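Take 3 as the starting number for the sequence shown in our numbering and just add one per residue.
See below for the structure under consideration.
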Amino acid sequence: MLTDGDWTSGGSLPLWHVTLTLSGDPCDIDALRRGLDRLVEERPFMLSVRYDASRAELRYWDEAEDVDDAAALALRLWGDHRVSCDLPCWRVVGLEVLDRETVRARGAGRPANPLIAAGVVPF
Numbered sequence: 003m004l005t006d007g008d009w010t011s012g013g014s015l016p017l018w019h020v021t022l023t024l025s026g027d028p029c030d031i032d033a034l035r036r037g038l039d040r041l042v043e044e045r046p047f048m049l050s051v052r053y054d055a056s057r058a059e060l061r062y063w064d065e066a067e068d069v070d071d072a073a074a075l076a077l078r079l080w081g082d083h084r085v086s087c088d089l090p091c092w093r094v095v096g097l098e099v100l101d102r103e104t105v106r107a108r109g110a111g112r113p114a115n116p117l118i119a120a121g122v123v124p125f
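Here's what the structure looks like:
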């Protein structure tokens, strides 16, 4: 159950850091890159997208009331954009949803440089 302290300022919903990993049959890497670029245009909140011919990893922040809602939205993301972005018919093989405090705790003591580059980049 969320308390008032769990909400972000301004009464908006809490932020969740989502990492969604998808995999499937290998596809044309150039076509995949074009599809991922379209996905970033349709959903500009993406922090980073990494990919190879048979796998993609999407990282982003999302607002949701609780972890269940954030996870449900993440599990629908690829399917909701598959046709409009011409993405392959891949399945979710991994999902991590973390609250802001956990992300901050994991980053404590680490250098300021991100481990994963922003944008759409190959693995």
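Glycine included, C-beta positions come from ideal geometry on N, C-alpha and C.
Owing to the predicted nature of the structure, the values given are computational and were not obtained by experimental measurement.
Backbone CA spacing between residue i and residue j [nearest angstrom]
i, j, result
"residue 43", "residue 66", "21 Å"
"residue 124", "residue 104", "27 Å"
"residue 94", "residue 23", "6 Å"
"residue 9", "residue 87", "With a pLDDT of 44 at residue 9, under the threshold of 50, the predicted position of this residue should be treated as unreliable, and no value is reported."
"residue 91", "residue 40", "16 Å"
"residue 27", "residue 80", "15 Å"
"residue 46", "residue 59", "15 Å"
"residue 106", "residue 85", "35 Å"
"residue 108", "residue 70", "21 Å"
"residue 15", "residue 56", "34 Å"
"residue 101", "residue 48", "17 Å"
"residue 122", "residue 50", "6 Å"
"residue 89", "residue 110", "36 Å"
Residue from the options whose Cα sits closest to the Cα of residue i
i, options, result
"residue 21", "76, 90, 69", "76"
"residue 83", "34, 29, 14, 70", "34"
"residue 18", "62, 107, 88", "62"
"residue 52", "102, 25, 101", "25"
"residue 54", "89, 110, 29", "29"
Residue burial classification, residue i (beta-carbon count within 10 angstroms, cutoff 16)
i, result
"residue 96", "exposed"
"residue 37", "buried"
"residue 72", "buried"
"residue 32", "exposed"
"residue 64", "buried"
"residue 120", "exposed"
"residue 99", "buried"
DSSP state of residue i mapped onto helix, strand, coil
i, result
"residue 81", "helix"
"residue 102", "helix"
"residue 59", "strand"
"residue 65", "strand"
"residue 14", "coil"
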